[in-house]
Amino acid sequence: MTEEKSLKDILKKIKFSDKAQVMKQLVDQSIQVKVRMGRIRHKIVVMSGKGGVGKSTTTANLALAFARAGHKVGVLDVDLNGPCIPKMLGVSGSFEILPEGAVPPVGPYGIKVASMDFFLTEKNTPVQWKGPMELSPIWLGMFEMNVIREFLADILWGELDYLIADLPPGASADKPPVIAGFLPELDGAIVVSTPSEVAKVVVRKSIVYARDIGIKVLGLVENMSGAICPTCHTPVPMFSDGCEDIATDLNIPLLAKIPFDAQIAQSSDRGILLPLSHPTTKLFDGMVTQIESLL
Ligand code: ADP
């Protein structure tokens, strides 16, 4: 059976009527997204091709750095299956549901946080979308995209200077650039990689893909760039090279090289912020000025 025929067969099985006025709902929703997003001066997504490279750590610390610089900041945790921004920022609670929308909980420095985590009552159970199994790839994508669109439409962010979105991991053929496309007037993406070859090869692809669909890549963050020895606190190399090659080849500013540091891991796990005097805090503060100059 050809791909086309099998897809047609699948689609024929979907029975629907538009009594619920789905089309109208979608149009209304996209108008609402535009209105809500119109009150946010800058929208930035943080993405990577690879999981586990420090995308959420970067998002959380960038949000803190922008807030420390005196900006009104919101963080949208779009990593539906691994939402960890609330934990990293030490934010708990839930949305306050009002007739006009959902008020997000507020964390350190007044950062507003919207995350799927606030909807999960059972922390050890994954998000499971239910739908006809044969159609599950189609449903899955649609459910996820709808949740994200609803997040954007229904959250009462109010006036913000920066909304920073933590996208799910994934590279070229995956969702992140598509999700980024939901954000009207997106300023651009910060891309995170480690200097390992296995991460860099995928991260390159995600940069090319993002650019192909018109997303400006503002800069690259090299994370786990060497390790800090927990006893003597001296830097120890971990990989043979850095991410300079990606930055040069793809003409992207390398915003910072963040070392692998036990204190960063522990502070994220406990939701306790790094001290202001910590060298990594200063690296993130330095990134704010650089990113502002790129907008
Ligand atoms: P991703 O969002 O890319 O999946 P995370 O930000 O969740 O990655 O990081 C994965 C794990 O690595 C987390 O436990 C986090 O605390 C840890 N981690 C990330 N960056 C660093 C770093 N520079 N030093 C120490 N631990 C780090």
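First residue of the sequence shown? That's 13 in our numbering, and the numbers climb one at a time after it. Note that the Cβ used here is the ideal one computed from N, Cα and C, for glycine as well.
Buried or exposed (CB count within 10 angstroms, at least 16 for buried), Arg216: With 16 or more other Cβ atoms within 10 Å, it is buried.
Residues near Cys255 in its chain [Cβ-Cβ closer than 7 Å; skip 5 each side]: Only residues of its own chain outside the window of five on either side were considered, and among them Ser205, Pro207, Lys212, Leu232, Glu234 and Leu266 have a CB closer than 7 Å to the CB of Cys255, listed in chain order.
At least 3 beta-carbon pairs within less than 8 Å: the segment 57-77 vs the segment 279-297: For the pair of segments examined, the segment 57-77 was found to touch the segment 279-297: the number of CB pairs separated by less than 8 Å reaches three.
beta-carbon Pro271 near the ligand ADP non-hydrogen atom, thresh 7 Å: Within the cutoff, so yes.
Whole runs of the beta strand (DSSP E) within the segment 102-126, excluding any shorter than 3 residues: Taking only runs of at least 3 residues, the beta strand (DSSP E) segments lying wholly in the segment 102-126 are 108-110 and 113-115.
Start-to-end residues for the alpha helix (DSSP H) that takes in Arg51: Premise fails: Arg51 is in no alpha helix (DSSP H) and is neither H nor E.
Exposure label - Asn263; buried when at least 16 CB within 10 Å: Asn263 comes out exposed.
Three-state secondary structure (DSSP) of Glu304: Annotated three-state conformation of Glu304 is helix, per DSSP.
Proximity test, Asn235 beta-carbon vs the ligand MG heavy atom, cut-off 7 Å: With respect to the ligand MG, the structure shown offers nothing to examine, as its ligands consist of the ligand ADP.
Any 3 or more C-beta pairs closer than 8 Å across the segment 37-52 and the segment 235-248: The segment 37-52 is not in contact with the segment 235-248.
Closer than 7 Å: Val65 CB and nearest the ligand ADP heavy atom: For the ligand ADP, at least one heavy atom lies less than 7 Å from the Cβ of Val65.
Buried versus exposed call for Glu209 [16 or more other C-beta atoms within 10 Å across all chains shown]: Looking at its Cβ environment, which holds fewer than 16 other Cβ atoms inside 10 Å, Glu209 is exposed.
Reduced DSSP secondary structure (H/G/I, E/B, other) of Phe272: Phe272 falls in the strand class under three-state DSSP.
Where Lys24 falls: helix, strand or coil (DSSP): Reduced to three states, the DSSP call for Lys24 is helix.
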